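Protein chains in written order, with my numbering: chain A, 1 to 258; chain B, 259 to 459.
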């Protein structure tokens, strides 16, 4: 049986892992390579690295981080943040990433999805999307960009379907309403998107307890759940979360100690 | 031993290279047919479209070189698309394939709650005591990303089995050729063990 994936997300700024709340105020919490190795040894199924380095000239640091991660961990990982061209994608994939994710840039220039999928295959192209609850939109959710600071006129569901059509092979759906709250995932939104698309949906934003993951992987119909704070700050470990999921009947990969 | 990884422009080899290095083997990346003659162990990875992959292999002469390598009886490990194009043909764009193992690559049926492509970790049950899985318990999970699966004609070619709507052969073999649909290079420690077992055999 296909298992539900636990994905740990690391925001990386100037080569250091950082964590912010609702995109305001960030604190450095460690070396991304060291943290990636620890999560790998703890049995995480996948990792995502978001480069939130502000200046373009410091992007080379991220490539080095990706190369070092690739040499040490042997599970899939995705890199996002600041990817604005097929060349940016190529650099990260050649550095060893399995997938790249596009968010703001794809909303502004959707053809990057087609171009990336054509060159690297759909399985390499992940659509990251930030959703904000908004009853004025047909699906009830508005697409926001620039980390939530800019509202767009796009409807969430329409945009995700368009991106799938263009060749996105996976969707990381982040709820801006839930992000950083640790109060639980946005279940309605996740379920709506997961039922509408034929590619895997990774739920993001709001994880605080293993019960939140049980809910989003069950009721929310997500294929994978992204977590950050709940493991970065030591409240929970990946094996603990997996045990809780298994006990609740969610199929997860058993922990394998390297 | 001279291990080689075949590069035929079907996706990113980087993760296969780092994984092979990690389990302690030196290798060459080869893209010219004549280079296959010097190899005595071959890893044949790849992702993407079977027809596109075959077109590159035929155009570059690698298809013929792979057939000759196989006839020479030397060990060969196909990964992902490499487990499909060793068959006679693929349902994907009705591609004519290498024909090293009789059979067809078929499309996964999908269905209720089962998205295609099949992406993620799924369990593998292998034929008892097979050397490729030495040191790995039964029903451990490996990482998959695919829409088509190998359907070998002969039951003896079935090396391991996975279930996704249908039970399918997630690994196949014939003589000196082994091919797995999952990605050992992305399947954690058990995946590395599969690579190490192949290279040590």
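Yeah, the Cβ is synthetic: ideal placement off N, Cα and C, and Gly gets one too. Quick caveat, the model's predicted, so the values are computed rather than measured.
Tell me where the beta strand (DSSP E) around residue i begins and ends.
{"i": "residue 419 of chain B", "result": "416 to 422"}
{"i": "residue 371 of chain B", "result": "Careful: residue 371 of chain B lies outside any beta strand (DSSP E) and carries neither H nor E."}
{"i": "residue 154 of chain A", "result": "150 to 155"}
{"i": "residue 388 of chain B", "result": "Looking at the DSSP string, residue 388 of chain B is not in any beta strand (DSSP E), and its letter there is neither H nor E."}
{"i": "residue 297 of chain B", "result": "It is not in any beta strand (DSSP E) - residue 297 of chain B carries neither H nor E in the DSSP assignment."}
{"i": "residue 445 of chain B", "result": "Looking at the DSSP string, residue 445 of chain B is not in any beta strand (DSSP E), and its letter there is neither H nor E."}
{"i": "residue 435 of chain B", "result": "435 to 438"}
Check whether the Cβ of residue i sits closer than 7 Å to any heavy atom of the ligand ATP, and report yes or no.
{"i": "residue 42 of chain A", "result": "No copy of the ligand ATP occurs in the structure displayed, which carries no ligand at all."}
Does the separation of the CB atoms of residue i and residue j fall below 8 Å?
{"i": "residue 29 of chain A", "j": "residue 17 of chain A", "result": "yes"}
{"i": "residue 419 of chain B", "j": "residue 383 of chain B", "result": "yes"}
{"i": "residue 343 of chain B", "j": "residue 415 of chain B", "result": "no"}
{"i": "residue 43 of chain A", "j": "residue 67 of chain A", "result": "no"}
{"i": "residue 406 of chain B", "j": "residue 435 of chain B", "result": "no"}
{"i": "residue 193 of chain A", "j": "residue 157 of chain A", "result": "yes"}
{"i": "residue 226 of chain A", "j": "residue 48 of chain A", "result": "yes"}
{"i": "residue 171 of chain A", "j": "residue 143 of chain A", "result": "no"}
{"i": "residue 236 of chain A", "j": "residue 212 of chain A", "result": "no"}
{"i": "residue 410 of chain B", "j": "residue 427 of chain B", "result": "yes"}
{"i": "residue 177 of chain A", "j": "residue 149 of chain A", "result": "no"}
{"i": "residue 386 of chain B", "j": "residue 350 of chain B", "result": "no"}
{"i": "residue 173 of chain A", "j": "residue 201 of chain A", "result": "yes"}
{"i": "residue 52 of chain A", "j": "residue 104 of chain A", "result": "no"}
{"i": "residue 324 of chain B", "j": "residue 315 of chain B", "result": "yes"}
{"i": "residue 77 of chain A", "j": "residue 446 of chain B", "result": "no"}
{"i": "residue 390 of chain B", "j": "residue 278 of chain B", "result": "no"}
{"i": "residue 353 of chain B", "j": "residue 309 of chain B", "result": "yes"}
{"i": "residue 41 of chain A", "j": "residue 252 of chain A", "result": "no"}
{"i": "residue 99 of chain A", "j": "residue 232 of chain A", "result": "no"}
Tell me the DSSP secondary structure of residue i in three-state form.
{"i": "residue 381 of chain B", "result": "strand"}
{"i": "residue 136 of chain A", "result": "coil"}
{"i": "residue 113 of chain A", "result": "helix"}
{"i": "residue 254 of chain A", "result": "coil"}
{"i": "residue 451 of chain B", "result": "helix"}
{"i": "residue 16 of chain A", "result": "strand"}
{"i": "residue 195 of chain A", "result": "helix"}
{"i": "residue 176 of chain A", "result": "coil"}
{"i": "residue 165 of chain A", "result": "helix"}
{"i": "residue 286 of chain B", "result": "strand"}
{"i": "residue 216 of chain A", "result": "helix"}
{"i": "residue 119 of chain A", "result": "helix"}
{"i": "residue 425 of chain B", "result": "strand"}
{"i": "residue 2 of chain A", "result": "coil"}
{"i": "residue 233 of chain A", "result": "coil"}
{"i": "residue 47 of chain A", "result": "strand"}
{"i": "residue 170 of chain A", "result": "strand"}
{"i": "residue 184 of chain A", "result": "coil"}
What span of residues does the alpha helix (DSSP H) with residue i cover, start to end?
{"i": "residue 274 of chain B", "result": "272 to 280"}
{"i": "residue 36 of chain A", "result": "32 to 41"}
{"i": "residue 242 of chain A", "result": "238 to 247"}
{"i": "residue 104 of chain A", "result": "104 to 108"}
{"i": "residue 72 of chain A", "result": "60 to 72"}
{"i": "residue 86 of chain A", "result": "86 to 94"}
Under 7 Å (Cβ pairs) to chain B, residues found in the stretch 63 to 94 of chain A: 70, 71, 74, 75, 76, 93, 94
Contact residues within the stretch 357 to 379 of chain B, judged by C-beta distance below 9 Å to chain A: 368, 371, 372, 373, 374, 375, 376, 377, 378, 379
Under 9 Å (Cβ pairs) to chain B, residues found in the stretch 117 to 143 of chain A: 120, 121, 122, 123, 124
Complete runs of the alpha helix (DSSP H) confined to the stretch 311 to 363 of chain B [at least 4 residues]: 320 to 329, 339 to 342
Contact set between the stretch 191 to 203 of chain A and chain B, restricted to residues whose Cβ is under 7 Å from the partner: 198, 199, 200
Residues, ordered as in the chain, of the stretch 226 to 256 of chain A that lie near chain B by beta-carbon distance below 8 Å: 253, 254, 256
Cβ-based contacts, 7 Å cut-off: residues of the stretch 393 to 406 of chain B near chain A: 399, 401, 403
Interfacial residues, the stretch 36 to 47 of chain A to chain B, with Cβ spacing under 7 Å: 45
Residues within the stretch 152 to 176 of chain A neighbouring chain B, beta-carbon criterion of under 9 Å: 169, 170
Near-chain D residues of the stretch 422 to 444 of chain B - C-beta to any C-beta below 9 Å: The structure shown has no chain D; the protein chains it does contain are A and B.
Positions along the stretch 293 to 310 of chain B whose CB lies within less than 9 Å of some CB in chain A: 305, 306, 307
Residues in the stretch 97 to 111 of chain A having any Cβ partner in chain B nearer than 9 Å: 97, 98
The stretch 201 to 221 of chain A: positions lying closer than 7 Å to chain B by Cβ: none
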